[in-house]
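J.: The sequence shown begins at -11 in our numbering and counts up by one.
Think of the CB as a built atom: it goes at the ideal place given N, C-alpha and C, for glycine as much as any other residue.
Before anything else, here's the structure in question.
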Amino acid sequence: MNYSLNNLPERTSKPREQGYTMVMDKGLSIREVENFLEVGGEYTDIVKLGWATSYVVPNLRKKLDAYKAAGIPVYFGGTLFEAFIIRNQFDDYRRLLSEFGMEYAEVSDGSIDLKHDRKLEYIRTLAQDVKVLSEVGSKDAEKIIPPYKWISQMKTELEAGAIKVIGEAREAGNVGLFRSTGEVRSGLVEEILTQIPFEKILWEAPQKAQQVWFIKLLGANVNLGNIAPHEVVSLETIRLGLRGDTFTHFLDMDAVDEDFKPEKPTGKPGTSMPRG
């Protein structure tokens, strides 16, 4: 950091098990990747090449090399995995991971109907080669999955070999964990947390209000994903209580000088103050 401030929440250091920031690259150029890494690389734990953008972007190898040089692992979006398996090309997908030296893979079923037992087989197989992130939830806004099913799927996918489970939200943050308005399905999240350790969950939370909600609920070291590259520094300040949204959340207000505390109301609303 550039200078010292007291009483900030302690952030875990890389490589970390909790406090992940997963960034979504939706088609950055090499120059954009370099610019992003110059500012946000220190605060980024892993990068996802969104959905199947890796199929169409030019200079894919150069992009992967740029991230690798910065010490940041990359993985292909889960939609690409789905595009391969629905075409009966799972072996081709495994060869693709090997060809590009990928250390991570995402297993998802957000765009297809996939029997869960078969999804677990894919996780077990891929876990022999790479670290697996498995995504739970649907990209279809009309498909509401009850909390008990989220919990059951997360448990079994972790048991099958996934290192973390991802809570689906899409890049817009308006499905899965969230309502179409972007509002958090708080009851769902809280019920999941009764059964699944929070450090094992990567919550997709692309909107600032969603990030603030999770940080206030679970602290500075909650795992958050689908973060836009230009929002990484902003998110780090929110984690540290250095933006208005969480400014007082991590402070011990009892130790704050009285001049900085909110004034206490001196009269009841709707009544006049006594004259003296």
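Does residue 186 come out as helix, strand or coil in the three-state DSSP assignment?
T.: Position 198 of the sequence shown, counted from the first residue, corresponds to residue 186. If DSSP states are grouped into helix, strand and coil, residue 186 belongs with the helices.
J.: So, at 6 angstroms on beta carbons, what are the nonlocal neighbours of residue 114 in its own chain, with the 5 sequence-adjacent residues on each side left out?
T.: The count along the sequence shown starts at 1 and reaches residue 114 at position 126. Result list for residue 114: 93, 120, in chain order.
J.: Is it a yes or a no for the segment 177 to 187 touching the segment 198 to 213, going by three-plus beta-carbon pairs under 8 angstroms?
T.: Segments in contact, yes.
J.: Pick from 90, 146, 133: whose alpha carbon is nearest that of residue 157?
T.: Residue mapping note: residue 157 aligns to position 169 of the sequence shown, counting from 1. Selected option, being the one with the closest Cα: 133.
J.: Give the DSSP bridge partners of residue 13, in chain order.
T.: Numbered from its first residue, the sequence shown carries residue 13 at position 25. Beta-bridge pairing links residue 13 to 37.
J.: To which residues of the same chain is residue 33 closer than 7 angstroms at the C-beta, ignoring the five residues directly before and after it?
T.: The residue labelled residue 33 in the question sits at position 45 within the sequence shown. Correct list, in chain order: 2, 4, 8, 9, 10.
J.: What do you get for residue 245, buried or exposed, if any count of 16 or more other CB atoms within 10 angstroms of its CB means buried?
T.: On the sequence shown, position 257 is the one that residue 245 refers to. The residue in question, residue 245, is exposed, as its Cβ has fewer than 16 Cβ neighbours within 10 Å.
J.: Using a C-beta cutoff of 9 angstroms, does residue 239 count as contacting chain D?
T.: Included in the structure is just one protein chain, with no chain D present.
J.: Under a Cβ-count criterion, where at least 16 other Cβ atoms within 10 Å of its own Cβ denotes burial, should residue 131 be classed as buried or exposed?
T.: Along the sequence shown, one-based indexing puts residue 131 at 143. So residue 131 counts as exposed.
J.: Between the alpha carbons of residue 123 and residue -2, how many angstroms are there, rounded?
T.: Numbered from 1 along the sequence shown, position 135 holds the residue referred to as residue 123. Numbered from 1 along the sequence shown, position 10 holds the residue referred to as residue -2. The alpha-carbon atoms of residue 123 and residue -2 are separated by roughly 28 angstroms.
J.: Terminal residues of the continuous beta strand (DSSP E) containing residue 1?
T.: For the purposes of this step, residue 1 is identified with residue 13 of the sequence shown, where counting begins at 1. It is not in any beta strand (DSSP E) - residue 1 carries neither H nor E in the DSSP assignment.
J.: Using alpha carbons as the reference points, say which of 143, 140, 76, 69 lies closest to residue 85.
T.: Reading the sequence shown from its first residue, position 97 is the one you call residue 85. Here the closest residue by C-alpha is 69.
J.: Please state whether the Cβ-Cβ distance between residue 200 and residue 236 is less than 9 angstroms.
T.: By one-based count along the sequence shown, residue 200 stands at place 212. By one-based count along the sequence shown, residue 236 stands at place 248. Not a contact, by the Cβ cut-off of 9 angstroms.
J.: Tell me the rounded alpha-carbon separation between residue 21 and residue 55.
T.: Residue mapping note: residue 21 aligns to position 33 of the sequence shown, counting from 1. Residue mapping note: residue 55 aligns to position 67 of the sequence shown, counting from 1. Their Cα atoms are separated by approximately 8 angstroms.
J.: Take residue 47 and list the residues in its own chain whose beta-carbon comes closer than 7 angstroms to its own, dropping the five residues that flank it on each side.
T.: Here residue 47 refers to the residue found at position 59 of the sequence shown. Excluding sequence neighbours, residue 47 sits near 18.
J.: Along the chain, where does the beta strand (DSSP E) that runs through residue 93 open and close?
T.: As a first step, residue 93 is located in the sequence shown; it is residue number 105 there, counting from the start. Segment 92 to 95, the beta strand (DSSP E) holding residue 93.
J.: If I measure Cβ to Cβ from residue 61 and keep anything under 7 angstroms in the same chain, skipping five residues before and after, which residues do I get?
T.: As a position in the sequence shown, residue 61 is number 73, starting the count at 1. The answer, listed in chain order, is 34, 91, 92.
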